[in-house]
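Under UniProt numbering, think of the first position of the sequence shown as 1, with each following residue one higher. Ideal placement from N, C-alpha and C gives every residue a C-beta, glycine not left out. Predicted, not measured: the structure shown is a model, and the values here were computed from it.
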Amino acid sequence: MNTEIKFAKELIDFIYESPTAFHAVKNVKNILLNSNFKELKENEKWNLKKEGKYFVTKNDSALIAFIVGTDEIGNSGFKLIGAHTDSPSFRIKPSPEIIVEKTYMKLNTEVYGGPILNTWMDRPLALAGRVTLKSENILNPNTKLININKPIMIIPNLAIHMNRKVNEGVELNKQKDLLPLLSMVNEKLEKENYLLNIIAKELEINPEEIIDFDLFLYEYEKGCIMGVNNEFISSPRLDDLAMVHAGIEAIKVAKPTKATNVMVCFDNEEVGSTTKQGANSDMLANILERITIALGGNREDFFRALSNSYIISADNAHAIHPNMPEKHDPTNKPVINKGPVIKINANQSYTTDSNSSAVYEMLCKNAGVPYQKFVNRSDVRGGSTIGPISSTHLNIRSIDIGNPQLAMHSIRELSGVLDHTYVKKSFDEFYKI
1 MNTEIKFAKE LIDFIYESPT AFHAVKNVKN ILLNSNFKEL KENEKWNLKK EGKYFVTKND
61 SALIAFIVGT DEIGNSGFKL IGAHTDSPSF RIKPSPEIIV EKTYMKLNTE VYGGPILNTW
121 MDRPLALAGR VTLKSENILN PNTKLININK PIMIIPNLAI HMNRKVNEGV ELNKQKDLLP
181 LLSMVNEKLE KENYLLNIIA KELEINPEEI IDFDLFLYEY EKGCIMGVNN EFISSPRLDD
241 LAMVHAGIEA IKVAKPTKAT NVMVCFDNEE VGSTTKQGAN SDMLANILER ITIALGGNRE
301 DFFRALSNSY IISADNAHAI HPNMPEKHDP TNKPVINKGP VIKINANQSY TTDSNSSAVY
361 EMLCKNAGVP YQKFVNRSDV RGGSTIGPIS STHLNIRSID IGNPQLAMHS IRELSGVLDH
421 TYVKKSFDEF YKI
C-alpha cells in the first residue's frame, strides 16, 4: 500500500472514531499521550521545561498541544497551526421525544452550524456526544462520552408521488421536515424518558444519574477511499478534522526548535467561535501567556514573543466543481490533489497577505509540496474561518490555508488522497524551522 493511501486511511479511521468534537479531542489526547506529551490542567500551576511536550484541553472539545522551544520565548516566539474540531450537524433538544399518530417516535432536534440539509435525508444515522452526570461536587459534574455506533435513526423523504415538484427544489423546514425517526410505538414502549433510558443502558448507569447531555446526530456509514485510481477521500467531517489530523500527526513527531511549536484545535467554528473554547475567545492568548510566564518570562516577553510568531489557520478550501466551474474565480481555480490552497480575500475574510503567503509558499517549496491559491469570484460573498477571528485576539502574522474539497458542509464531503499527505508535509516543514 503506498504511503499516501495509508495516511488517507488513517484519516478516515480518525474521523470515524470522532463523531463529535468531544470524541475528536479524546482521540487527539490519546495520540499525544502515546507520543510522550504530558497533560496539563488549567486549574493547576504549570512547571514547564525547555523541550517539554505538553497539552491542555477546554470543555472536552478544544485542545492546545505544544513543544517548548530551546530559545528564550521572547526571542523566537510561537509557530502555530490552528484548526477546528466541530462540524455541521443536528443537536438533540431537551425532552426530545415526539409521538406521531400513536405510531412513530421521533426526536426533536436543532440544527448546528450550516449543513447542506437535504444530504441528511434517507441516511442511517447514529448518535454521539457528552453526557453530564451527578457528582459529589455540584460545581463539577461528572461527564462521560457516548457513541451509539448503530444505525438507530433516519430522516425520511416524502415520496415523489406526494410531492411531484420535489426535483424542482424543495425548501426544508428545520422544525418540521428534519426530525429523525427513532422507533415504532408499541404497548411495551416506555414513552417517558425514552432517550434517557437508551443512554443509561449504553453507559451502564442508572437513568437518575443523568443531569443533561450534548448529543449530536452523525452519519453511520464510514468514509472510504474511492475513484478509479483511488484518488479521492469520501467521508463526513473532512471540514475540518482533516486539518486536525494532519496538524496533530505533524506535531507528535516534531523535534524541539528555537521557537515553541503549537497546535490548537478550537471548537465551535461552525457557529461563529463565540464560546470559551472557540477562536473568538481568549483561550489561546491565555495559554500562550501562561507558557511565557511558566518559562520565567513576563508580559513584555509575551508581547515580544507574539511579534516573532506566525500562525497557519488551516481549514479546508473549495475545489473547482466539475459541474459548475463558473462558480469560481476565472484565474484562481484550486484542483483536488494539486496541493494545499492559500486562501485570499481583499476584505480580510481570510488573513493572508503577501508577507504571510510568502512564508507558506517557501515552506511548501522547501518540502517539495505543490500549492494553489483561492480567491472568491468578486460577485460572490464567501465564507470565513478561525484566522481572522484569532487575529482579533492575537496580533500574530497569519495565513489561511486548507486542502481543496468538494461538497463542503454536506453529510459526506470529497477531498484528495495526495493532498492530505501534501499538507502534512508542509506542517512538518513548518515545525522544523
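What three-state label does DSSP hand residue i in the structure shown?
i	result
R304	helix
residue 436	No answer is possible for residue 436: the residues shown for the chain start at 1 and end at 433.
K50	coil
T292	helix
E269	helix
P207	helix
P378	Here residue 378 is Ser; the residue named in the question, Pro, does not match the sequence. S378 falls in the coil class under three-state DSSP.
H318	strand
E361	helix
residue 460	This structure gives no information on residue 460, because the portion of the chain shown stretches from 1 to 433.
S356	helix
V335	coil
T119	helix
K258	coil
P369	One detail in the question is off: residue 369 reads as Val in this sequence, not Pro. Coil, per DSSP.
L215	strand
Taking the C-alpha atoms as reference points, what is the distance between residue i and residue j?
i	j	result
M408	D419	16 Å
Y54	N43	15 Å
L172	L117	7 Å
L406	S313	19 Å
G223	Y16	7 Å
L241	E187	43 Å
K93	L139	23 Å
T392	E300	19 Å
I64	V56	5 Å
P334	N298	44 Å
N230	I148	30 Å
S398	I233	28 Å
I81	I98	43 Å
D267	P388	15 Å
S35	D353	35 Å
I401	L414	17 Å
N27	K373	32 Å
L181	K432	51 Å
G227	L48	47 Å
E270	S356	25 Å
P88	P19	11 Å
D13	E221	12 Å
G382	V253	35 Å
R377	A319	13 Å
M263	I251	7 Å
A24	N30	10 Å
P370	K255	24 Å
G169	E51	57 Å
K9	I225	7 Å
The alpha helix (DSSP H) spanning residue i covers which residue range?
i	result
P388	I386 to S391
S398	Run containing S398: none in the alpha helix (DSSP H); it sits in the beta strand (DSSP E), R397 to G402.
L203	Y194 to L203
A65	From DSSP, A65 is part of no alpha helix (DSSP H) but of the beta strand (DSSP E) over A62 to I67.
L11	T3 to Y16
I31	A21 to L33
Is any heavy atom of the ligand GTP found at a distance shorter than 7 Å from the C-beta of residue i?
i	result
D419	Absence of the ligand GTP is noted for the structure shown, with no ligands found whatsoever.
Within the continuous beta strand (DSSP E) that includes residue i, where are the two ends?
i	result
T109	Y104 to Y112
I148	N142 to M153
M243	From DSSP, M243 is part of no beta strand (DSSP E) but of the alpha helix (DSSP H) over L238 to V253.
D419	Premise fails: D419 lies in the alpha helix (DSSP H), V417 to K432, not in any beta strand (DSSP E).
L125	L125 to L133
L80	F78 to H84
E97	S89 to V100
L181	L181 to M184
S343	Reading off the sequence, residue 343 comes out as Lys, not Ser. That run of the beta strand (DSSP E) goes V341 to I344.
I233	F232 to S235
So residue i and residue j are in contact, right, with Cβ under 8 Å, and what is the actual spacing, rounded?
i	j	result
W120	L178	7 Å
E289	A367	E289 to A367, Cβ: 31 Å. No contact.
I210	F66	Contact flag wrong, Cβ pair sits at about 35 Å.
I154	P115	Actually they do not touch by this definition, with Cβ atoms about 16 Å apart.
H69	A259	Checking the sequence shown, residue 69 turns out to be Gly, not His. Between A259 and G69 the Cβ distance is about 5 Å, and since that is below 8 Å, they are a contact.
K79	N261	5 Å
S281	R412	About 31 Å; that fails the 8 Å criterion.
Whether or not the region 71 to 78 and the region 305 to 320 are in contact is what I'm after, with contact meaning three or more pairs of Cβ atoms, one per stretch, closer than 8 Å; do they touch? Yes, the region 305 to 320 is in contact with the region 71 to 78.
Would you check if the region 314 to 328 and the region 355 to 367 touch, i.e. whether three or more CB-CB distances between them fall below 8 Å? Verdict: no, contact absent.
Can at least three beta-carbon pairs, one atom from the region 96 to 113 and one from the region 332 to 347, be found at a separation below 8 Å? Verdict: no, contact absent.
Given 8 Å, three or more beta-carbon pairs between the region 154 to 172 and the region 244 to 251: Fewer than three beta-carbon pairs drawn from the region 154 to 172 and the region 244 to 251 are found closer than 8 Å, and the two stretches are therefore not classed as touching.
I'd like to know if the region 130 to 137 and the region 197 to 211 are in contact, where contact means that at least 3 CB-CB pairs between them fall below 8 Å. Segment contact: the region 130 to 137 against the region 197 to 211, three or more CB-CB distances shorter than 8 Å; contact assigned.
Can at least three beta-carbon pairs, one atom from the region 371 to 388 and one from the region 208 to 222, be found at a separation below 8 Å? Contact between the region 371 to 388 and the region 208 to 222 is absent, with fewer than three C-beta pairs closer than 8 Å.
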